[in-house]
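Numbering (this note's numbering), first residue to last: 1 to 360.
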Amino acid sequence: MGPDRAPLPGQPPVHVDFGRPGWNLRRAGAALRVDRRTVVVCAALVTAILALGVLTLGTGSISLTPAQVVTALLDPESDRRARLVVVEWRLPRLLFAMVCGAALAVSGALFQSLTKNPLGSPDVIGFSAGSYAGASVVMLFLGSANYPAIGAGSLIGGAAAALVVYLLAYRNGLHPFRLIVVGIAVGAGLSSLTSMLLLSVDPQQAMLAATWAAGSLSGLGFEQLVPTAALFLLLLLCSVAVVRPLTHLEMGDDMAVALGVRANRVRLAGTVVGVALTALVTAAVGPIAFIALAAPQIAQRLTRGSTTLRIAPAALTGALVLVAADYTAQRAELPVGVVTVCVGGAYLAWLLARQYATRR
């Protein structure tokens with residue numbers, strides 16, 4: 001490793017031991033430290049996503065070998081039938097899985113950093129239920145099924161749920177455990193309200209909304225993918241902007257304030273970005289559970305980091321998990337939301353048992 005900072009004239013270089021191998025990059029007066037293990041983990045995750053993506057693109061009623069899939073992707077003059085199946089029919093679904101998985105994982109990382117608790121994901125603290133309720137109101141009572149309307153309903157519902165949770169949990173400050181408990185209660189209430197709405201409308205409308213609520217990546221094309229990916233990239237940049245102040249907040253408000261962080265503004269910004277990421281996915285494919293809960297924790301264990309808020313590993317882990325869930329869903333002929341609920345439920349039970357064991 002190189003010196004951490006330039007030495008004074010006549011003095012030897014100053015080295016700082018970070019406890020982990022990495023690279024120090026300096027250019028034009030700016031310095032950046034890159035953790036070596038994080039880079040290796042991200043490279044491995046990208047490789048796994050690409051490999052699993054090739055298998056996914058070859059899965060379906062028309063089976064294709066990995067060689068046929070790669071040829072169809074890279075060679076425009078290849079077999080037209082294979083290229084139609086791979087590029088036009090299946091590639092948008094794969095890209096949707098990657099974008100949505102990454103968005104949910106980043107949202108979960110933001111909320112777990114805000115609450116300083118591995119249970120602090122939008123699934124658990126009620127924000128996903130708020131987005132689902134808002135989208136359901138748009139579909140059931142406004143009769144709209146287009147993406148902008150559902151997206152607006154999801155965003156408004158998620159923001160309203162976040163506001164209610166915040167107001168109920170705030171007592172001389174915002175305690176993370178209180179936020180989670182109140183969020184669970186609000187989420188349960190919103191889920192009950194959504195079920196009541198489904199029972200109060202025409203059965204055909206209710207069936208349409210219930211099918212969407214299962215969470216599915218089928219039937220999506222490039223016309224839906226382009227705006228979703230553009231909004232995700234914008235929100236990803238916003239999430240990167242709040243990483244450093246949120247990391248300071250994990251050390252405590254006093255320390256963060258001493259470093260010049262405006263705690264309340266940072267929490268508000270992190271909450272808005274996290275809710276918007278969840279609403280984006282909910283509007284596009286329906287509610288996908290437990291990716292936001294599990295992916296940041298898996299990424300933290302892979303990188304062996306001291307903080308949950310590592311955007312790149314979390315996003316890549318979320319993309320890999322949702323691509324794997326969609327591959328399983330296609331082979332089992334199930335909506336992807338059903339697969340994530342089954343796997344995520346087992347993970348949540350393990351996480352709760354582990355949390356209880358460590359506190360004894």
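Virtual Cβ for every residue (Gly too), placed ideally from N, Cα, C.
Do you know offhand how far residue i's Cα is from residue j's?
i    : j    : result
V14  : F222 : Its pLDDT being 48, under 50, V14 is placed unreliably in this model, and the value from its coordinates should be taken loosely. Answer to the nearest angstrom: the Cα atoms are 52 Å apart.
L259 : L334 : 49 Å
P3   : P313 : With a pLDDT of 47 at P3, under the threshold of 50, the predicted position of this residue should be treated as unreliable, though the coordinate-derived value follows. In a straight line, the C-alpha of P3 is about 26 Å away from that of P313.
S136 : T65  : 40 Å
L197 : A213 : 13 Å
G60  : R310 : 35 Å
A159 : V341 : 23 Å
V186 : Q68  : 49 Å
L155 : M251 : 30 Å
L235 : G219 : 25 Å
Take residue i as the anchor and find which of the options has the nearest alpha-carbon.
i    : options                   : result
A369 : T303, L246 and S239       : Summary: the structure shown does not reach residue 369, with the chain confined to residues 1 through 360, and so no result is reported for it.
G130 : A105, L233, G108 and V164 : V164
R331 : A209, A159 and S63        : S63
I288 : R90, R93 and G215         : G215
A292 : R244, G345 and I156       : G345
V138 : A72, G126 and G153        : G153
G157 : V272, L114, L351 and Q300 : V272
Under the rule that 16 or more other beta-carbon atoms within 10 Å means buried, what is residue i, buried or exposed?
i    : result
Q204 : exposed
L179 : buried
P118 : buried
V124 : buried
A188 : exposed
V16  : The pLDDT assigned to V16 is 49, lower than 50, so where the model puts this residue is not dependable; a value taken from the coordinates is nonetheless given after this. Per the 10 Å Cβ criterion, exposed.
T38  : buried
F232 : buried
G270 : buried
Y170 : exposed
A109 : buried
P76  : exposed
R354 : exposed
M207 : exposed
D35  : buried
Assuming residue i and residue j are in contact, meaning their beta carbons sit under 8 Å apart, how far apart are those beta carbons, in whole angstroms?
i    : j    : result
A283 : I184 : Not really, about 23 Å apart at Cβ, beyond 8 Å.
P227 : Y147 : 7 Å
V261 : P245 : 5 Å
L190 : A133 : 5 Å
G337 : G286 : 6 Å
Any 3 or more C-beta pairs closer than 8 Å across the segment 315 to 325 and the segment 91 to 105 | Contact holds between the segment 315 to 325 and the segment 91 to 105, because three or more Cβ pairs, one in each stretch, are under 8 Å apart.
Any 3 or more C-beta pairs closer than 8 Å across the segment 321 to 330 and the segment 47 to 59 = Touching, yes.
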